[in-house]
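Everything on this sheet refers to the single structure shown next.
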Amino acid sequence: MKNVLLGTVAFLAVAAVGGYVLVLKPGASSAPQPTPAAEPAPAAATPAAPAADATAAAGPALIFDLGGKFDKSFNEAAFNGAQKWAAETGATFKELEMQSEAQREQALRRFAEAGANPIAMTGFAFGDVLNTVAPDYPNTKFVIVDAVVDQPNVRSVVFQEEQGSYLVGMMAAMASKTGTVGFVGGMDIPLIRKFECGYAQGAKAAKPDIKVVYNMTGTTPAAWNDPVKGSELTKAQIAQGADVVFAAAGSTGLGILQTAADENILGIGVDSNQNFLHPGKILTSMIKRVDVTIYDAFKEGADMKTGKVIAGLKDDGIGYALDDNNAKLVTPEMKAAVDAAAEKIKSGEIQVHDYMTDNTCPVN
0 MKNVLLGTVA FLAVAAVGGY VLVLKPGASS APQPTPAAEP APAAATPAAP
50 AADATAAAGP ALIFDLGGKF DKSFNEAAFN GAQKWAAETG ATFKELEMQS
100 EAQREQALRR FAEAGANPIA MTGFAFGDVL NTVAPDYPNT KFVIVDAVVD
150 QPNVRSVVFQ EEQGSYLVGM MAAMASKTGT VGFVGGMDIP LIRKFECGYA
200 QGAKAAKPDI KVVYNMTGTT PAAWNDPVKG SELTKAQIAQ GADVVFAAAG
250 STGLGILQTA ADENILGIGV DSNQNFLHPG KILTSMIKRV DVTIYDAFKE
300 GADMKTGKVI AGLKDDGIGY ALDDNNAKLV TPEMKAAVDA AAEKIKSGEI
350 QVHDYMTDNT CPVN
């Protein structure tokens, strides 16, 4: 069986910029974040191909959030999209892996001054900084994932993660033999609670009496890169009876999935297809097509259209992964039920509550 992702991506541009993930209007700021200690200027960005200094002019640039570009998840999906563009065009792009919070503004300004266009970044945490920096470079296009920044030269891409999480929640409940499934998130923010809430809704739709236990790794960006803590939380959930655990935690998820495999329970991956990490031990992965977001932006280049972009099941920006690595785990009944639910979500017959609309979850 070939690797199958349910859906390719066609994004829906939305003119109005409202409160979806993180909405920043000119002069506005999101909720206060911990103030980091002063850090040295970022190291020179590493190019995707040889012979490209970070200060060289022209071409697009990509800044990865904390956790690194090889997190096998969110950041790596972005990297894969950029790599696809580079392979198709023979061109190069600049890149930088964040090492500290202090690098955000420095990196954006450095690439903008160097003439990079467009400049892409992964993660909501860039929102405040981009809202400040973008007006200073009106001729530079920026693309941000998981935040909405209301500036005329910014493309803001947000996903309906609750929909994909609903589907994998159904699968988790149907696969569970103990009647308990788990969720381990990264940083405790509304976006990750959105994943958890969608997952819980799907699980309870499949089995109303299912028990869903959940934990967040931490309250700072370090929570995205703590596989040891992820492993500990997974063991704690197993002790509570969980036999399927959904990891939505960046690089922390690698520890979650490893422990799930070691303890002979099922894991669920996130953002990228992570089924291959532990063949036969990962039930599925909730796919978020960040790769296409970056590929499309780089392909459009300096002519990239700006505004808010939403990607969900209806737009094929969200899905679940089915391939040789998990084919024996996903029964025909499971696939039929999930695919039917996906169609009902697309049509509006099933309304999956988005935690971020009111910071509540109807099933928790």
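Heads up, the final residue of the sequence shown is numbered 363 in numbering that gives the first Met the number 0, and it's a clean run with no missing numbers. C-beta atoms are modelled at their ideal positions from N, C-alpha and C, and glycine is treated no differently.
Asked	Found
DSSP beta-bridge partners for ASN214?	VAL183
Considering just the uninterrupted stretch of the alpha helix (DSSP H) at VAL291, what are its terminal residues?	289–299
Name, in chain order, the residues that DSSP records as bridge partners for TYR165.	Per DSSP, none; premise fails for TYR165.
Touching or not, the segment 127–135 and the segment 165–174, by the rule of three or more beta carbon pairs under 8 Å?	no
Exposed or buried, what is ALA204 when buried is set at 16 or more other beta-carbons lying within 10 Å of its beta-carbon?	buried
Take every Cβ of the segment 290–304, pair it with every Cβ of the segment 340–357, and state whether three or more of those distances are shorter than 8 Å.	no
Quick check on the burial criterion: 16 or more other C-beta atoms within 10 angstroms. Buried or exposed for ASN272?	buried
How many angstroms separate the CA atom of ALA85 from the CA atom of VAL362?	44 Å
For ILE349, collect the residues of the same chain with a Cβ closer than 7 Å to its Cβ; drop the 5 residues on either side in sequence, then sort them by chain order.	ALA340, LYS343
On the DSSP bridge assignment, give the partners of MET285 in chain order.	VAL269, TYR319
In chain order, what residues of the same chain lie with their CB nearer than 7 Å to the CB of PHE125, ignoring the 5 residues before and after it?	ARG103, ILE143, ALA146
Determine, for ALA85, whether the minimum Cβ-Cβ distance to residues of chain C falls below 8 Å.	Included in the structure is just one protein chain, with no chain C present.
How would you label GLN414, buried or exposed, when you count the other beta carbons within 10 angstroms and need 16 or more for buried?	With the chain covering 0 to 363 only, the question about residue 414 has no answer from this structure.
Suppose only complete runs of 3+ residues qualify. What are the beta strand (DSSP E) ranges in the segment 133–178, listed by chain order?	141–144, 153–158
Which first and last residues belong to the beta strand (DSSP E) in which MET120 is found?	118–121
Just verifying my parser: in three-state terms, what is the DSSP assignment at VAL308?	strand
Cα separation between GLY268 and LYS234?	17 Å
Helix, strand or coil for LEU371 per DSSP?	With the chain represented from 0 up to 363, any question about residue 371 goes unanswered, as that position is not in the structure.
How many angstroms separate the CA atom of ALA36 from the CA atom of ALA101?	In this predicted model, ALA36 has a pLDDT of only 38, less than 50, meaning its place in the structure is not dependable enough to derive any value.
Is the separation between the beta-carbon of ALA241 and that of GLY266 shorter than 8 Å?	no
Kindly indicate which three-state DSSP category LYS93 falls into: helix, strand or coil?	strand
Between the Cα of PRO220 and the Cα atoms of GLY201, VAL212, ASP187, ASN214, which residue gives the shortest distance?	ASP187
In the structure shown, what three-state DSSP assignment does VAL337 receive?	helix
When burial is assigned at 16 or more other CB atoms within 10 Å of the CB, is GLY178 buried or exposed?	exposed
Distance check for GLN162 and GLY347, CA to CA, integer angstroms please.	11 Å
Spatial neighbours of MET215 within its chain, please: C-beta separation below 6 Å, excluding the five flanking residues on both sides.	GLY184, ASP187
Which whole-angstrom value describes the C-beta separation of SER230 and ILE255, a residue pair presumed to lie in contact below a C-beta threshold of 8 Å?	7 Å
How long is the line joining the alpha carbons of GLY181 and PHE194, rounded to whole angstroms?	12 Å
Just curious, the alpha helix (DSSP H) that ALA235 is in, first and last residue?	226–238
In the DSSP output, which residue or residues are listed as bridge partners for LEU61?	GLU94, ALA119
Between the alpha carbons of LYS280 and PRO117, how many angstroms are there, rounded?	39 Å
Are the CB atoms of VAL243 and LEU276 nearer to each other than 8 Å?	no
Pick helix, strand or coil for PHE69, following the three-state DSSP scheme.	coil
When you compare only the Cα positions, how much space is there between ASP302 and ALA111?	16 Å
Can the beta-carbon of GLY306 be found less than 8 Å from the beta-carbon of ARG108?	no
Between ASN74 and the rest of its own chain, which residues show a CB-CB distance below 7 Å, the 5 nearest in sequence each way excluded?	PHE63, ASP64, GLY66, GLY67, LYS68, THR121
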